[in-house]
Amino acid sequence: MENEKEFDLRTMEDPYKEKKYVLTDEERAASKFGKLVFAFPQENNEIVAEGDPADYVVHPQAYFRGASQIPGSEFNQSYQIFVKPFFLDRVQHRHAKDEFLVFLGASFPNVFDFDAHIEFTIGKGEEAETYVIDKPTIIRIPAGVYHCPLNFKEVNKPVLFLATLFTPMFGGVYDLPDGKTMEMYYNGPVPCKYNPDKKCDSCGKCLQESWENK
Ligand SMILES: [Zn+2]
Numbered sequence: 000m001e002n003e004k005e006f007d008l009r010t011m012e013d014p015y016k017e018k019k020y021v022l023t024d025e026e027r028a029a030s031k032f033g034k035l036v037f038a039f040p041q042e043n044n045e046i047v048a049e050g051d052p053a054d055y056v057v058h059p060q061a062y063f064r065g066a067s068q069i070p071g072s073e074f075n076q077s078y079q080i081f082v083k084p085f086f087l088d089r090v091q092h093r094h095a096k097d098e099f100l101v102f103l104g105a106s107f108p109n110v111f112d113f114d115a116h117i118e119f120t121i122g123k124g125e126e127a128e129t130y131v132i133d134k135p136t137i138i139r140i141p142a143g144v145y146h147c148p149l150n151f152k153e154v155n156k157p158v159l160f161l162a163t164l165f166t167p168m169f170g171g172v173y174d175l176p177d178g179k180t181m182e183m184y185y186n187g188p189v190p191c192k193y194n195p196d197k198k199c200d201s202c203g204k205c206l207q208e209s210w211e212n213k
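Residues in the sequence shown are numbered from 0 upward in steps of one, following numbering that gives the first Met the number 0.
Encoded structure:
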């Protein structure tokens with residue numbers, strides 16, 4: 000860097016000593032960047048399969064529901080801590096964009112303290128391959144590539160699981176047992192952004208919003 004000698008970043012002072020704090024909901028609504036700062040709501044996952052107990056995961060969980068929460072976001076992400084074996088995702092599917100799955104130890108603060116046996120299949124039919132996750136791992140699933148089942152078979156220590164999908168809302172194309180395919184979207188058990196008395200039905204209307212106050 001040419002200016003190396005003119006600056007010492009270690010001693011640079013905060014240029015905003017006279018801070019313009021955004022503290023209240025009213026200030027946030029009137030602010031320029033307020034829609035970019037979102038506090039996670041506490042969520043409790045809905046039972047995925049009939050009869051499954053919900054205590055495989057720590058309650059509550061945090062989820063980032065993408066563009067419905069921060070307008071313009073091109074990704075959504077889950078943050079769950081698994082504490083018991085659970086067959087999470089049985090149905091093969093694919094997505095329009097890349098998905099990343101992260102498995103880390105949740106015996107904080109050491110994320111490498113990992114003791115679980117998780118099985119995950121990538122590909123479909125004859126090309127399908129099943130991987131065993133028994134150490135901290137990240138998996139990329141390129142757009143259009145079939146994946147799952149995902150089975151947390153043994154969970155001897157808590158596992159932090161993050162699923163990140165680079166679309167404004169979670170969704171994909173699922174291969175149903177009857178041979179048909181179905182496009183499905185899921186935005187969580189959250190209220191509708193426009194009508195708090197209504198449950199979100201993943202209609203996608205709020206995905207058109209801008210992060211800017213206009
Ligand atoms: Zn997926």
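Even glycine gets a Cβ: it sits at the ideal position worked out from N, Cα and C.
Here the structure is a predicted model, which means the values were calculated and not measured.
Residue i Cβ short of 7 Å to ligand 1 heavy atom set
i, result
"residue 140", "yes"
"residue 178", "no"
"residue 187", "no"
"residue 171", "yes"
"residue 98", "yes"
"residue 58", "no"
"residue 146", "yes"
"residue 94", "yes"
Sequence-distant residues of its chain with Cβ nearer than 8 Å to residue i (five each side left out)
i, result
"residue 68", "37"
Between the CA atoms of residue j and residue i - distance to the nearest angstrom
i, j, result
"residue 199", "residue 185", "9 Å"
"residue 43", "residue 59", "5 Å"
"residue 64", "residue 210", "15 Å"
"residue 95", "residue 142", "5 Å"
"residue 138", "residue 208", "31 Å"
"residue 159", "residue 134", "12 Å"
"residue 17", "residue 106", "40 Å"
"residue 190", "residue 162", "22 Å"
"residue 206", "residue 98", "19 Å"
"residue 100", "residue 5", "44 Å"
"residue 111", "residue 176", "37 Å"
"residue 80", "residue 195", "28 Å"
"residue 155", "residue 13", "46 Å"
"residue 66", "residue 187", "13 Å"
"residue 157", "residue 57", "9 Å"
"residue 22", "residue 109", "33 Å"
Cβ neighbours of residue i in the same chain (closer than 6 Å, five flanking residues each side left out)
i, result
"residue 29", "none"
"residue 127", "120"
"residue 182", "172"
Residues near residue i by beta carbon distance below 7 Å, same chain, minus five either side
i, result
"residue 180", "172, 173, 174"
"residue 153", "84, 115, 116"
"residue 165", "73, 74, 96, 97"
Strand pairing of residue i, partner residues [DSSP]
i, result
"residue 113", "For residue 113, which the question treats as bridged, DSSP gives no partner whatsoever."
"residue 190", "198"
"residue 177", "In the DSSP output, where bridge partners are listed per residue, residue 177 has none listed."
"residue 150", "86, 118"
"residue 169", "185"
"residue 136", "102"
"residue 129", "120"
"residue 160", "79, 102"
Whole runs of the alpha helix (DSSP H) within the segment 42-116, excluding any shorter than 4 residues = none
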